[in-house]
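For reference, the structure is listed below as structure tokens.
Numbering (the working numbering), first residue to last: 657 to 900.
Here it is as structure tokens:
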């Protein structure tokens, strides 16, 4: 019964995550509800994240929406920072750091409602060093806590590089795959991945991730925007519910 619940959750999480991120909002609470210890839930959730990111990344790469000129510098940095985040997660109570997130998300949500053209079309921007700073920092967060990483990455690629949402989602999948791999290496070393629970859900999340990426490519940036806003709102509500 537990495996069936996680398989269903993995599919829907993979589908949503491939479009705008936020799949961890489905799988991580599901794992915790099934009685998995918090650190093991984080590690097992990374296994599902790798599966989703593999499927969706492959689809986005074949569609030509990935911008390798920026990613080639970020991938090694994000690998290291996500491993660092996962290491910190094994040493401290990572939930402490989530207390500041609701305020940040509230500001982002208000901004998205007011800025109605945000992410709907590509704009020329000179990113400077901001991409090298913020995107590896998000990967650190991914290794440490995780849920909402894809949405944060989309936001960063749009704000810093001027990408439309489709390109932002595509590039976010590559970075998310990198950070998940980095984190899973550390979690595997510490033995906090429940492989018996993970592998059936990895298959369903792989299928969901592929179909989600295919759907995102078919609808384009303007129609992805509502999914993005809903993802931010869901993450905000989830964090507020946990804290209050």
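Quick reminder that beta carbons are idealized off the backbone N, C-alpha and C, glycines included. These figures come from a predicted structure and were not determined experimentally.
May I have the straight-line CA-CA distance separating residue i from residue j, to the nearest angstrom?
{"i": "residue 708", "j": "residue 808", "result": "17 Å"}
{"i": "residue 873", "j": "residue 673", "result": "14 Å"}
{"i": "residue 829", "j": "residue 816", "result": "17 Å"}
{"i": "residue 659", "j": "residue 824", "result": "33 Å"}
{"i": "residue 723", "j": "residue 819", "result": "10 Å"}
{"i": "residue 740", "j": "residue 779", "result": "33 Å"}
{"i": "residue 893", "j": "residue 804", "result": "12 Å"}
{"i": "residue 690", "j": "residue 696", "result": "12 Å"}
{"i": "residue 845", "j": "residue 747", "result": "14 Å"}
{"i": "residue 769", "j": "residue 885", "result": "8 Å"}
{"i": "residue 852", "j": "residue 688", "result": "16 Å"}
{"i": "residue 812", "j": "residue 802", "result": "16 Å"}
Considering only their Cβ atoms, is the gap separating residue j from residue i smaller than 8 Å?
{"i": "residue 814", "j": "residue 730", "result": "no"}
{"i": "residue 671", "j": "residue 847", "result": "no"}
{"i": "residue 877", "j": "residue 800", "result": "no"}
{"i": "residue 661", "j": "residue 683", "result": "no"}
{"i": "residue 871", "j": "residue 675", "result": "yes"}
{"i": "residue 887", "j": "residue 678", "result": "yes"}
{"i": "residue 860", "j": "residue 663", "result": "yes"}
Would you mind working out which of the options sits nearest residue i, comparing C-alpha positions?
{"i": "residue 839", "options": "675, 876 and 701", "result": "701"}
{"i": "residue 736", "options": "841, 659 and 666", "result": "841"}
{"i": "residue 849", "options": "698, 680 and 678", "result": "698"}
{"i": "residue 794", "options": "884, 882, 742 and 843", "result": "742"}
{"i": "residue 738", "options": "843, 762, 765 and 787", "result": "843"}
{"i": "residue 745", "options": "694, 862, 763 and 764", "result": "694"}
Between which residues of its own chain and residue i is the CB-CB distance below 7 Å, once the five residues before and five after are set aside?
{"i": "residue 866", "result": "711, 712 and 715"}
{"i": "residue 854", "result": "700, 703 and 704"}
For residue i, I'd like the list of residues in its chain whose CB is within less than 6 Å of its CB, leaving aside the five on either flank, ordered along the chain.
{"i": "residue 733", "result": "792"}
{"i": "residue 826", "result": "716, 721 and 722"}
{"i": "residue 836", "result": "702, 705, 706 and 709"}
{"i": "residue 719", "result": "873"}
{"i": "residue 787", "result": "816"}
Ignore the nearest five residues each way along the sequence and tell me which others in residue i's own chain have a CB closer than 8 Å to its CB.
{"i": "residue 665", "result": "682, 683, 686 and 857"}
{"i": "residue 727", "result": "827, 830 and 831"}
Using 8 Å as the limit for Cβ to Cβ distance, is residue i near chain C?
{"i": "residue 693", "result": "In the structure shown, chain C cannot be found, because there is only a single protein chain."}
If contact is defined by three or more beta carbon pairs under 8 Å, each pair taking one atom from either stretch, is the segment 820 to 837 in contact with the segment 709 to 718? Flag = yes, the segment 709 to 718 and the segment 820 to 837 touch.
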